[in-house]
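Reviewing the structure listed below.
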Amino acid sequence: MSPRRRRYPVLRLVPSVFGVLLAALSCGPPPQPTPLDSPKHRAVWLSPANWAHADADSAAARIRGFATAVALGGSPTLLVPVDAETGAASPDGFDPLAVAIDGGHAHGLGVHAGLTLSVADGEPPAAARARWKEIARHVATHYEVDGLYFSESRDRSAVGAAAEALLVKPYLVVSASSLRHVIGLAPVHGVLAPDDTMSWRAKGSQVVGLDLTAWLTSGAADRVVHVDSAAHEPTTDANGHLVILLPDRPDTLRVVADGDTLALETRFWKPPYNYSVTAAGTVTRSAPWVELRAAPPTATTRDTFEFLGHTDSLARATINGVGVKVYATGVFFDSLALAKGRNRIRLEARWPDGRLAVYEEEFERRIDPPRPPLPLWIDEKSVEPGDSLTLLPTDVVRLSFRGSPGQKATAHIKPGGLELPFGRIDGEHSATYSTDLHLSRLKPGRSYRVEIRLHQAGGGSRIRHRLANPIEVRRLHELPLVITSAPESYVSWSLGAVRLGGPYVAEYPEGVVLQTTGRFGRRYRVRFGPHSVGYIHERYVDVAPGGTVMPRYHLRSISASATDSTDVVRIPRPEPVPYIVRSDPDGRRIVVTLYGVQTSSTWLAHRSGMRYVDRVTWRQLDAETYEATLHLKTDRIWGYDVRPDGRSLVVTLRHPPSLSPAADQPLAGLKIAIEAGHGGSSTGAIGLSGLLERDVNLATALLLADSCEAAGAEVIQLRDGFDGIPYMARRDSVRASGADVFISVHANAAGGGFLRAGGTCTFYHDPFWAPLATHIYGHMLDLGLGEFGTVGSFNYRPTRMSSVPSVLVEQAFMSHAEDEEFLSSEAGRQAIAGKILAGLLDWLAEQPVDTRASVDE
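Counting with the working numbering, you get residues 9 to 865 for the letters of the sequence shown.
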């Protein structure tokens, strides 16, 4: 790609001792290239005397010949002065810097522009600083230079001008004596001689530009400003701008001017870090601007990447010269292949008024060679098990690791001397080795160490790796009982890692006694019955005192009755046995299983007036597992709860709410709790344009509340501002509020492409709430959003309850360009609120309710 180039009035630069000035070339035909007699690893100056000619073609040929000679001489860098002398020697329409860049790059040379920081007679220092930065920015924006060299006097620091150029191209090599005082810059050797400490490379995160004109109300020009960690005490230019180099971008940037302090939070900043500070002390972008929102690390092994930019929605954007669509949010993107070595990615945004914003970054693609089989190697991070284990003799432990392909491996167990061969599955560059250790082959009551040995096939070398933690083999009576110690003690079905935790078998209150049958790191395995286990973290339990026994009892009777507002089933539980509750709407059942319980049930009492419970039955599943089943008259319930109460386990089913609907207020009498997901410092997903899920959720939740209130409902907002009720307290707040329905509003996100995963979806945990989620989902699809489905067994804590119909609505994807475009608009969010309400109304029409006369009647 050829960026736009044009002539620009710049300053005179006198070649310094760091260059090698060649003799002037005579007029006439350009000379044949010959190697230059110059030391290697030193820049060579290209001065007007080397190429001056009245004819543009001849001048260009001289420059290209000079570049060839520099390359043959072994010098890596061509230095091109950009000054009035250069302009005077140029034929009309001829740009020597552009020609030098093309000629130098053709021979693999780095081309650096040389700038002199001079002050005109009578020119204020602030105006000079602004001019230097303007020139540096122009050269960086319009020329494919690889670096900038600054000629400076003792009191004229190049830091500001260098930083200004780095805001456009952070990969540039910048050379100036004053830069040696900047902490964090990486020296670049072999550019200049004799002083290699003159040339530096920065990270993009080190360069910050601030326009302080709105914040410094008493006059922003030529103001001394203190910035924590800055290389020097910077001074604003005539435009009130400040450009600084830092060791790295801090989480909070502290700026002090005339006793006023500004603390700028930087976690949402994207390169280039060039912002305007408002009078309120926040930051915004000043036109024209463009930013890079998604890119790989500057050193990467990726062969392709989808680069994401952001600008004004009315701008025209290109990536590496190719036009791309700009969405209403201002985002644009393209997937680019990365060649081995250095790749420059250039974002351009042309604003409607013609102004141009540019940001260009360099990414080095590294191709790591595959690790050879020899010398032998074991990937220590892949070795399993990684945790300490305490298990029963009946258990089997899978041992595995990744290592050199095509070899032989054995596991050695000490004490005892047991040796096990590993099986092997060879991949392209590595192999997976695995074997099973049957603990029945080891003596109980001891701790064992496992050593892996990898042997070279056919004999030869071998290496060893010992598992970091022991394996202990214990009999059941040697393993402790534990007692739940937290108000919400979570027991999972497995050790599988899940983002939101679970899936959970149960959430126990304090005091439930559990028999452990093993330990995996910090998690106990606990036994419910002969065929059921769960896993609980040590933070939720205490080891039972010595002499504690597993609770057991006989269950004789169950009673079922009604109050004015609930059906109540009481199941005797005189001992703190574990239990599991299962919802079965398809079978119109709620199933309660108790462990350590045997039946002597001869008294199942049913009283009249129950709205939902038809009957209660029991089964003895095995010698220690008792199952009580509540058979329901309908699957359209309004919530149930199961809690220990004294010496009983009480199941409570809520009666329908009493509504007084009218034609224009169909929700009159209904109480709805609404959660705007996230809040405070929890931003949730961050959209492609920087839109925060926290803010989108709140905007939609407020619109939904307005719609529900207009339909007659009473609304409880769990978050109506920045913070709201803390996350861990939201579920309890819903329960305590007496809400009839709970709706949580969120927005989704995913990786893997900005038009890949998209659409709307709804979630529920308890299967009784599937119809509510399905109705809302069906109406959300009317918006033209893609299908992502209705998802059950979802473990989000606030909606993980059976006591209130609860669903979570993922409006659309923040990470999908079209979805985010829809979410960013007031009209889109209003439409979403309307569809959630429509789904709620459809679901309500199928629910049993108690109707009372409306006030109007």
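The C-beta atom is built at its ideal place from N, Cα and C for all residues, glycine as well.
Exercise. In its own chain, which residues sit with a C-beta less than 6 Å from the C-beta of R354, not counting the 5 before and 5 after it?
Worked result: As a first step, residue 354 is located in the sequence shown; it is residue number 346 there, counting from the start. The beta carbon of R354 sits closer than 6 Å to those of N328, E368, all from its chain and outside the five residues before and after it, given in chain order.
Exercise. So L508 and Y804 are in contact, right, with Cβ under 8 Å, and what is the actual spacing, rounded?
Worked result: If you number the sequence shown from 1, residue 508 lands on position 500. If you number the sequence shown from 1, residue 804 lands on position 796. About 6 Å separates the beta carbons of L508 and Y804, which is inside the 8 Å limit, making them a contact pair.
For this session: Under 6 Å Cβ to Cβ from E356, same chain only, skipping five residues before and after it: list those, please.
Result: The residue given as residue 356 occupies position 348 in the sequence shown. Within the same chain, E356 has close Cβ partners T326, V366.
Problem set entry | Check whether T524 and R531 have beta carbons under 8 Å apart | As a working note, residue 524 is residue 516 in the sequence shown. As a working note, residue 531 is residue 523 in the sequence shown. Against a cut-off of 8 Å, the Cβ pair of R531 and T524 comes out as no contact.
Exercise. Touch check for the segment 166 to 178 and the segment 236 to 252: three-plus C-beta pairs under 8 Å?
Worked result: yes
Exercise. Tell me which same chain residues have a C-beta within less than 8 Å of the C-beta of R892, skipping the five on either side of it?
Worked result: Residue numbering for the chain in the displayed model covers 9 to 865; residue 892 lies beyond these limits and cannot be assessed.
For this session: Mind listing, in chain order, the continuous beta strand (DSSP E) runs of no fewer than 3 residues lying wholly within the segment 394 to 418?
Result: 397 to 399, 404 to 411
Exercise. In the segment 677 to 733, which residue ranges form an unbroken beta strand (DSSP E) of at least 3 residues, counting only runs that do not cross its ends?
Worked result: For the segment 677 to 733, whole beta strand (DSSP E) runs of length 3 or above, ordered along the chain, are 679 to 684, 722 to 725.
Problem set entry | the segment 260 to 272 in contact with the segment 668 to 687 per 3-pair CB rule at 8 Å | These segments do not touch.
Exercise. What alpha helix (DSSP H) runs, 4 residues minimum, are completely inside the segment 754 to 814?
Worked result: As for any alpha helix (DSSP H) of minimum length 4 sitting wholly inside the segment 754 to 814, the runs are 778 to 788, ordered along the chain.
Exercise. Within this structure, are the beta carbons of A681 and S616 separated by less than 8 Å?
Worked result: Taking the sequence shown and counting its residues from 1, the one referred to as residue 681 is at position 673. Taking the sequence shown and counting its residues from 1, the one referred to as residue 616 is at position 608. Their beta carbons are not under 8 Å apart, which means A681 does not touch S616 by this criterion.
For this session: Identify every residue that forms a DSSP beta bridge with I544.
Result: Looking up residue 544 in the sequence shown gives position 536. Per DSSP, V499, Y532.
Problem set entry | Endpoints, beta strand (DSSP E) assigned at P669 | On the sequence shown, position 661 is the one that residue 669 refers to. Per DSSP, P669 belongs to no beta strand (DSSP E) and is neither H nor E.
For this session: Out of G542, D622, S823, point me to the one whose CA is closest to S567's CA.
Result: Against the sequence shown, residue 567 aligns to sequence position 559. Per the Cα distances, D622.
Exercise. How is the beta strand (DSSP E) around L253 delimited, first residue to last?
Worked result: As a working note, residue 253 is residue 245 in the sequence shown. Unbroken beta strand (DSSP E) run through L253: 249 to 253.
Exercise. Got a sec, what are the start and stop residues for the alpha helix (DSSP H) I645 sits in?
Worked result: Working through the sequence shown from its first residue, we reach residue 645 at position 637. Counting along the chain, I645 falls outside any alpha helix (DSSP H), and DSSP gives it neither H nor E.
Problem set entry | Pairwise C-alpha distance: S442 and G431 | Looking up residue 431 in the sequence shown gives position 423. Looking up residue 442 in the sequence shown gives position 434. G431 and S442 have their alpha carbons spaced roughly 5 Å apart.
Problem set entry | Neighbourhood of Q855 by C-beta, 8 Å cutoff - its chain only, sequence neighbours within 5 removed | Reading the sequence shown from its first residue, position 847 is the one you call residue 855. Closer than 8 Å at the Cβ level, and outside the excluded window around Q855, lie R644, W646, P664.
Exercise. With distances taken between CB atoms, is the gap from T225 to V233 smaller than 8 Å?
Worked result: As a first step, residue 225 must be located in the sequence shown, where it is residue number 217. As a first step, residue 233 must be located in the sequence shown, where it is residue number 225. By the CB criterion at 8 Å, T225 and V233 fall outside the cutoff.
Problem set entry | Sub-8 Å separation of T691 and L700 beta-carbons | Counting from 1 along the sequence shown, the entry for residue 691 is found at position 683. Counting from 1 along the sequence shown, the entry for residue 700 is found at position 692. Yes, the Cβ-Cβ distance between T691 and L700 is below 8 Å.
For this session: Over the uninterrupted alpha helix (DSSP H) stretch that includes D65, give me the two end residues.
Result: Reading the sequence shown from its first residue, position 57 is the one you call residue 65. D65 -> alpha helix (DSSP H) spans 64 to 80.
Problem set entry | Spatial distance of W501 from P559 (CA atoms) | Stepping through the sequence shown from its first residue, residue 501 is reached at position 493. Stepping through the sequence shown from its first residue, residue 559 is reached at position 551. Whole-angstrom Cα-Cα distance: 22 Å.
Exercise. How close, in whole Å, do the beta carbons of A781 and T770 come, if the pair is a contact with beta carbons under 8 Å?
Worked result: Against the sequence shown, residue 781 aligns to sequence position 773. Against the sequence shown, residue 770 aligns to sequence position 762. Between A781 and T770, the beta carbon gap of about 4 Å places them in contact (Cβ cut-off 8 Å).
For this session: Could you tell me if R655 is buried or exposed, where buried requires 16 or more neighbouring beta carbons within 10 angstroms of its beta carbon?
Result: Position 647 of the sequence shown, counting from 1, holds the residue named residue 655. When all chains shown are included, R655 counts as exposed.
Problem set entry | Distance between A417 and P381 (C-alpha atoms, nearest Å) | What you label residue 381 is simply residue 373 of the sequence shown in a count that begins at 1. What you label residue 417 is simply residue 409 of the sequence shown in a count that begins at 1. Computed Cα separation, rounded: 14 Å.
Exercise. For R868 versus P452, is the C-beta distance shorter than 8 Å?
Worked result: Residue coverage of the chain in this structure runs from 9 to 865, which leaves residue 868 outside it and unanswerable.
Problem set entry | Start-to-end residues for the beta strand (DSSP E) that takes in P89 | Your numbering for residue 89 matches position 81 in the sequence shown. Counting along the chain, the beta strand (DSSP E) containing P89 begins and ends at 85 to 89.
For this session: Give every residue of the same chain whose Cβ lies closer than 8 Å to the Cβ of A238, excluding the five residues on either side of it in the sequence, and list them in chain order.
Result: For this step, residue 238 is matched to residue 230 along the sequence shown. Hits under 8 Å: I252, L253, L254.
For this session: Please report how far the alpha carbon of P41 lies from the alpha carbon of A106, in whole angstroms.
Result: The residue you call residue 41 lines up with position 33 of the sequence shown. The residue you call residue 106 lines up with position 98 of the sequence shown. With a pLDDT of only 43 at P41, under 50, the local geometry of the prediction cannot be trusted, and the value read off the model is given with reservation. The straight-line gap from Cα to Cα measures roughly 20 Å.
Problem set entry | Buried versus exposed, by CB contacts within 10 Å (16 or more), W611 | Working through the sequence shown from its first residue, we reach residue 611 at position 603. Per the 10 Å Cβ criterion, exposed.
For this session: Determine whether the Cβ of R662 lies closer than 8 Å to any Cβ atom of chain B.
Result: No chain B is part of this structure, which consists of one protein chain only.
Exercise. Since K843 is in the alpha helix (DSSP H), which residue starts that stretch and which ends it?
Worked result: Looking up residue 843 in the sequence shown gives position 835. Its alpha helix (DSSP H) spans residues 834 to 854.
Exercise. Between the segment 254 to 265 and the segment 209 to 216, are three or more C-beta pairs nearer than 8 Å?
Worked result: yes
Exercise. For P43, which residues of its own chain have a beta-carbon under 6 Å away from its beta-carbon, when the five flanking residues on both sides are left out?
Worked result: Here residue 43 corresponds to residue number 35 of the sequence shown, with the count starting at 1. Here the model assigns P43 a pLDDT of 44, short of 50, so the residue's position is not dependable, and the following value carries that caveat. So the qualifying residues of the chain are L80, G81.
Problem set entry | Range covered by the alpha helix (DSSP H) that runs through L174 | Looking up residue 174 in the sequence shown gives position 166. It spans 167 to 174 - the alpha helix (DSSP H) in which L174 sits, taken as one unbroken run.
Problem set entry | Where I191 falls, given that 16 or more other Cβ within 10 Å makes a residue buried | Stepping through the sequence shown from its first residue, residue 191 is reached at position 183. By the neighbour-count rule (16 or more Cβ atoms within 10 Å), I191 is not buried but exposed.
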